[in-house]
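If you count the sequence shown from 1, position 101 lands on 101 in the UniProt record's numbering, and the numbers rise without skipping. Backbone N, C-alpha and C define an ideal beta-carbon position, used for all residues, glycine too. Since we're looking at a predicted model, the values are computed, not measured.
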Amino acid sequence: SLPSDILVRAYEDRMDVMSILIYGPEGTPYENTFFAFDVHFPRDYPKSPPIFHYTTYSNTQLNPNLYQDGKVCVSLLGTWVGKGTEVWTDKSNMLQALLSIQALILCREPYFNEAGYTKQQGTNQGKENSRLYNEMVILKAAEVRYKALVVTCYDCKIKLV
Numbered sequence: 001s002l003p004s005d006i007l008v009r010a011y012e013d014r015m016d017v018m019s020i021l022i023y024g025p026e027g028t029p030y031e032n033t034f035f036a037f038d039v040h041f042p043r044d045y046p047k048s049p050p051i052f053h054y055t056t057y058s059n060t061q062l063n064p065n066l067y068q069d070g071k072v073c074v075s076l077l078g079t080w081v082g083k084g085t086e087v088w089t090d091k092s093n094m095l096q097a098l099l100s101i102q103a104l105i106l107c108r109e110p111y112f113n114e115a116g117y118t119k120q121q122g123t124n125q126g127k128e129n130s131r132l133y134n135e136m137v138i139l140k141a142a143e144v145r146y147k148a149l150v151v152t153c154y155d156c157k158i159k160l161v
């Protein structure tokens, strides 16, 4: 079933779209930060994967798989190469896509999600690069939370002190 830290909003009059909020998992640099996605289901869903669009409040890319232009790069969605269970089939489902984003993208060491960087895992250089990347993510994630609060409060006409 859907974890409590993934929120889904469906629309009665538009069954082909959803809005998703995924809260960063505990113990990751994304903890306490939300990630917003708009999802479109193509006409031939579930034969084809849903199309995800990531919305960010940051001017910095917080993850190698989440692009500033909204692209979500994960093999299950067909936006990256994969094989076997990593690729979408007509047996795949939306829950599988959401859990993949939460577990594989919003992970403890996102630095290693960048293509080619896995060869640094276990090395001193890789550990240092990962640590520095996580520090950047934590700082930028705080900025995301603040900007989201400002936008929300502005929309509600609440004055922030």
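* Three-state class that DSSP yields for Y45 in the structure shown -> For the purposes of this step, residue 45 is identified with residue 45 of the sequence shown, where counting begins at 1. It is coil, neither helix nor strand.
* Quick one: Cα of F41 to Cα of A103, how far? -> Taking the first residue of the sequence shown as 1, we reach residue 41 at position 41. Taking the first residue of the sequence shown as 1, we reach residue 103 at position 103. One C-alpha to the other measures close to 22 Å.
* If you count every other CB in all the chains shown that lies within 10 Å of the CB of G24, and 16 or more means buried, which is it? -> Here residue 24 refers to the residue found at position 24 when the sequence shown is read from its first residue. So G24 ends up on the buried side.
* **Paired residues, beta bridge with N63 - DSSP** => Counted from its first residue, the sequence shown places residue 63 at position 63. Looking at the DSSP assignment, N63 forms a beta bridge with L66.
* Hey, would you say the C-beta of L77 is under 7 Å away from at least one heavy atom of the ligand FMN? -> This structure lacks the ligand FMN; in fact it carries no ligand of any kind.
* Asked: Which partner residues of L7 appear in the DSSP bridge assignment?
  -> In the sequence shown, the residue the question calls residue 7 occupies position 7. Looking at the DSSP assignment, L7 forms a beta bridge with L21.
* Cβ-based burial, Q11 [other Cβ within 10 Å; buried from 16] -> Here the question's residue 11 lines up with position 11 in the sequence shown. The sequence given here has Tyr at residue 11, not Gln. Flag for Y11 reads exposed.
* **Reduced DSSP secondary structure (H/G/I, E/B, other) of V81** => The residue labelled residue 81 in the question sits at position 81 within the sequence shown. Residue state, collapsed to three classes: coil.
* Asked: What are the start and end residues of the beta strand (DSSP E) that includes A36?
  -> Position 36 of the sequence shown holds residue 36. Start and end: F34 to H40.
* Sequence-distant residues of its chain with Cβ nearer than 8 Å to P3 (five each side left out) -> Within the sequence shown, numbered from 1, the residue matching residue 3 stands at position 3. Result list for P3: L99 and Q102, in chain order.
* To do: Figure out for me which residue from R43, T79, L149 and M136 has the closest Cα to the Cα of N63.
  => If you number the sequence shown from 1, residue 63 lands on position 63. Among R43, T79, L149 and M136, the Cα nearest to that of N63 is on M136.
* **Cβ-based burial, V81 [other Cβ within 10 Å; buried from 16]** => Sequence index remark: in the sequence shown, residue 81 carries index 81 (1-based). That one is exposed.
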